[in-house]
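Undergrad:
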Amino acid sequence: MTSAAFLAVSDVIVGYGGNTVLDRLSLSIERGEFVALLGSSGCGKTTLLRTIAGFNRPQSGSLTLAGRDITLAAPDKRNMAMVFQSYALWPHMTVAQNIGYGLKLARKPRHEIDARVEEIAGMLGLAGLEDRKPAALSGGQRQRVALGRALAVEPDVLLLDEPLSNLDARVRLNVRHEIRALQKRLGITAIHVTHDREEAMVMADRIVILDKGMIAQQGAPHEVFNRPMSPFVAAFMGAENIVDLAGVVEGNRVEIVEGPSNRRAMIGLDGRRLSSGRVEARFRPEAAELVPASATAASDRNGAESRDEDALTLLGTVEQTSYPGGCWRHVVAVGAAKVAVDAPTAIEPGTPVTLRVPAAALFLFDAPGRGAEPVPRLVAA
Amino acid sequence: MRERTIGLLLAVPAIATIALLYMMPLLASVTGAFETEAGFGLDNFIKARDLYTTDILYTLLIVSASTLIIAAFSVAIAGYLTLGENPKAVAILRWLYRWPLFIPFIVVGQVLRTFLAKNGLMNNLLVAGGILTPMQTMSFLDWRGIVIAFVWKQTPFVTLLLAGAMASIDRATIEAARNLGASRLRILFEIVVPQVRTTLFVGMVLSFVTMMSVLSVPLMISAQSPTMITADIAFRINAYGDYGVANALGMISLIMTMAVAIFYLSHNLKEKAR
Chain A
279 MTSAAFLAVS DVIVGYGGNT VLDRLSLSIE RGEFVALLGS SGCGKTTLLR TIAGFNRPQS
339 GSLTLAGRDI TLAAPDKRNM AMVFQSYALW PHMTVAQNIG YGLKLARKPR HEIDARVEEI
399 AGMLGLAGLE DRKPAALSGG QRQRVALGRA LAVEPDVLLL DEPLSNLDAR VRLNVRHEIR
459 ALQKRLGITA IHVTHDREEA MVMADRIVIL DKGMIAQQGA PHEVFNRPMS PFVAAFMGAE
519 NIVDLAGVVE GNRVEIVEGP SNRRAMIGLD GRRLSSGRVE ARFRPEAAEL VPASATAASD
579 RNGAESRDED ALTLLGTVEQ TSYPGGCWRH VVAVGAAKVA VDAPTAIEPG TPVTLRVPAA
639 ALFLFDAPGR GAEPVPRLVA A
Chain B
30 MRERTIGLLL AVPAIATIAL LYMMPLLASV TGAFETEAGF GLDNFIKARD LYTTDILYTL
90 LIVSASTLII AAFSVAIAGY LTLGENPKAV AILRWLYRWP LFIPFIVVGQ VLRTFLAKNG
150 LMNNLLVAGG ILTPMQTMSF LDWRGIVIAF VWKQTPFVTL LLAGAMASID RATIEAARNL
210 GASRLRILFE IVVPQVRTTL FVGMVLSFVT MMSVLSVPLM ISAQSPTMIT ADIAFRINAY
270 GDYGVANALG MISLIMTMAV AIFYLSHNLK EKAR
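Keeping their order, the protein sequence lines are chains A and B. Using our numbering, the letters of the first sequence map in sequence onto residues 279 to 659. Using our numbering, the letters of the second sequence map in sequence onto residues 30 to 303.
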């Protein structure tokens, strides 16, 4: 954590009653950065946003904005503006009054407010709707009024609390890009809370994944997606398929020991933090290549003794297929585990298959709850 | 068609009850207002005007003033319950403010009579505290006493309605205003009250009608002239057996409450049309 960060959250503890929601959390955000706080409900992401906004007071720790300590500053003394999940538009005010209220509070002259409201309304495609009440607007328009109200006061930091979750799916896709483009154009610092992985990926410069009040991992979208540091992050990033394996770490590689439903494989460690013993392998449905076992039998005969390099091969049986669109999804039984795998063509249920997961898309972790004793077979090997 | 007949038949007992117990007496009272010894006429109204014009205006002023003060107090109390930041103060206020709801008007009148009289508890306390001398004390047992009694009794009722309505508005609308720098007072008047104005209005109309019908408070606090219409009606009947003028006065207070009700309904329609 650098002290030069624009917004710095340091060792913050926040709790309700006896319940600790944020546990010594630290986060630093650069000026102009778009950061997504991603996590499932109850992980503390909204609490963190509200703490940054000043609606929650930390029990300990500190917050600084541009070098100024704002830990105890009132919400309106932080020059941050929040867009609420419910939009929180004032139903008795028109669009123009909603957008201009912050400026009215700042005692700006009337003509200046009018000009700014017109500018914001134009920028957000709300021109012509200024005299309407929120009840007479569509969901997308309300969302833009909420955004306009926040932007009108030219905040240093824009706080977005799941602002897209009340929009229907098609509008949401457009608004994602609109908000991102606007944020880039205005060069504003934005913190966006969401539970939608894809939304975080397409909008943010940096994703911060929260779990139980702590940061599980943070980084650029492609880093977090391709290099999850824990089973939790891997699962959150869509790698929900789990297979239990046994592995032996040798130098910068791990050898996956042949098992009843997997072949032997050598995988480069490539930064993975792994030790010998039971290994939890995770991968995404689209990461595996699905081939009927009969098709691979021929090529196997040549190199039955050889091992797979930088890919893991699993053996299973197709149990079920469905077509969610784009490709066929197969549920494949691999030993006791059931995994979901996508393939361009459907393979009949009951067909024995092999799954090939390339190393780059294979996430390996020490199996949770494994004791100190190594797997006996590995010792023999 | 048959179903409709059955439906009507099922509603008959309810309609009959309303007709017999509510509409009939009301109509009897209305026609009674026009009955004189010389047949139907406006004599009762003329007499009511000659004798009670001051009391009618007095009633209107007391009830209107009380309604406005009740509105102000209930906005203040409900506003503090909603926006107050000291949890202990909010809890104490929430516990305290409802008590007058459970005290009958007659008891309120009696309590305030002993409290507000020239040598009542209030003046005794003020004198004992050295704030007033015994010579400076005065009785509040006039229109002021009636207003105090009404406000004391009706504020909790309107506050109850208002606090409920305020509790159900989206908290985020309050936070959004705080986020942009609105003070609590501005939030109350520019964000919260506009969102609950219909409820406030209902509470005011209901309080107005309730106060128009209270007899015990004017009788207990200030029954001498001028007094309120309710006291006059009781007096006409108890002292003279003069049902005609009593009915005429009843009609006049009915017209006053109807005016408020119509004002409320038209306001409501306008709100819905928007």
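For every residue, glycine included, the Cβ atom is placed at its ideal position computed from N, Cα and C. Quick caveat, the model's predicted, so the values are computed rather than measured.
1. Taking contact to mean at least 3 C-beta pairs separated by less than 8 Å, is the region 509 to 522 of chain A in contact with the region 487 to 495 of chain A?
2. Taking C-beta to C-beta, are I198(B) and A211(B) nearer than 8 Å?
3. I need the boundaries of the beta strand (DSSP E) containing S338(A), first residue and last residue.
4. Could you check which residue in P570(A), A621(A), V535(A) has the C-alpha nearest to that of G555(A)?
5. Along the beta strand (DSSP E) that carries T467(A), what are the first and last residues, could you check?
6. State the DSSP-derived secondary structure class of H500(A), mapped to helix, strand or coil.
7. Whole angstroms is fine: what's the gap from R213(B)'s alpha carbon to A352(A)'s?
8. Whether or not the region 326 to 338 of chain A and the region 501 to 508 of chain A are in contact is what I'm after, with contact meaning three or more pairs of Cβ atoms, one per stretch, closer than 8 Å; do they touch?
9. Which residue's Cα is closest to the Cα of L305(A): L326(A), G320(A), S318(A), I398(A)?
10. Counting only the same chain and skipping the five closest in sequence on each side, list residues whose C-beta sits under 8 Å from that of E440(A).
11. Need the endpoints of the beta strand (DSSP E) that N297(A) sits in, please.
12. Quick one, which residues of the region 322 to 355 of chain A are near chain B if we go by CB-CB under 9 Å, in chain order?
13. Applying a beta-carbon distance threshold of less than 7 Å, which residues of chain B neighbour H370(A)?
14. Between the alpha carbons of I98(B) and R385(A), how many angstroms are there, rounded?
15. Which class does G546(A) belong to by DSSP, given the choice of helix, strand or coil?
16. Is it buried or exposed for P387(A), if we count other Cβ within 10 angstroms and need 16 for buried?
17. Locate the beta strand (DSSP E) running through K616(A), then write down its first and last residues.
18. Can you tell me which of V274(B), T88(B), R33(B) puts its alpha carbon nearest to the alpha carbon of D313(B)?
19. How would you list, in chain order, the residues of chain A whose beta-carbon sits under 9 Å from the beta-carbon of G210(B)?
20. When you compare only the Cα positions, how much space is there between F292(B) and V234(B)?
21. Could you please give the first and the last residue of the uninterrupted alpha helix (DSSP H) stretch that includes W124(B)?
22. Buried or exposed, going by whether 16 or more other CB atoms sit within 10 Å of the CB of F131(B)?
23. Kindly confirm or deny that the region 590 to 605 of chain A and the region 622 to 641 of chain A touch, where touching means at least three C-beta pairs closer than 8 Å.
24. Count the other C-beta atoms from every protein chain shown that fall within 10 angstroms of the C-beta of V41(B), then say buried if there are 16 or more, exposed otherwise.
25. Using CA atoms only, rank isn't needed, just tell me which of I258(B), V231(B), A263(B) is closest to I91(B).
26. Find the nearest neighbour of F312(A) within the set L436(A), V290(A), I493(A), A430(A), judged by alpha-carbon distance.
27. Specify the secondary structure class of H370(A) as computed by DSSP and reduced to three states.
28. Given this structure, state the Cα-to-Cα distance separating K355(A) from S318(A), to the nearest angstrom.
29. Less than 8 Å between the CB atoms is what I'm expecting for I545(A) and L640(A), so what's the real figure, rounded?
30. So with Cβ pairs under 8 Å, would you call A366(A) a contact of chain B?
31. Could you list which residues in chain A have their beta carbon closer than 7 Å to that of T202(B), in chain order?
32. Do we get a CB-CB distance below 8 Å when we pair A359(A) with the residues of chain B?
TA: Here's the rundown:
1. yes
2. no
3. 338 to 343
4. V535(A)
5. 467 to 472
6. helix
7. 12 Å
8. no
9. L326(A)
10. T324, Q363, V471, T472, H473
11. 297 to 307
12. R328, A331, G332, F333, A352, P353, D354, K355
13. P223, Q224
14. 31 Å
15. strand
16. exposed
17. 615 to 621
18. For chain B, the structure presents residues 30 to 303; residue 313(B) sits outside this window and is missing.
19. A352, P353, D354, K355, G380, L383, A384, V431
20. 9 Å
21. 116 to 125
22. exposed
23. yes
24. exposed
25. I258(B)
26. L436(A)
27. coil
28. 30 Å
29. 7 Å
30. yes
31. A366, W368
32. yes
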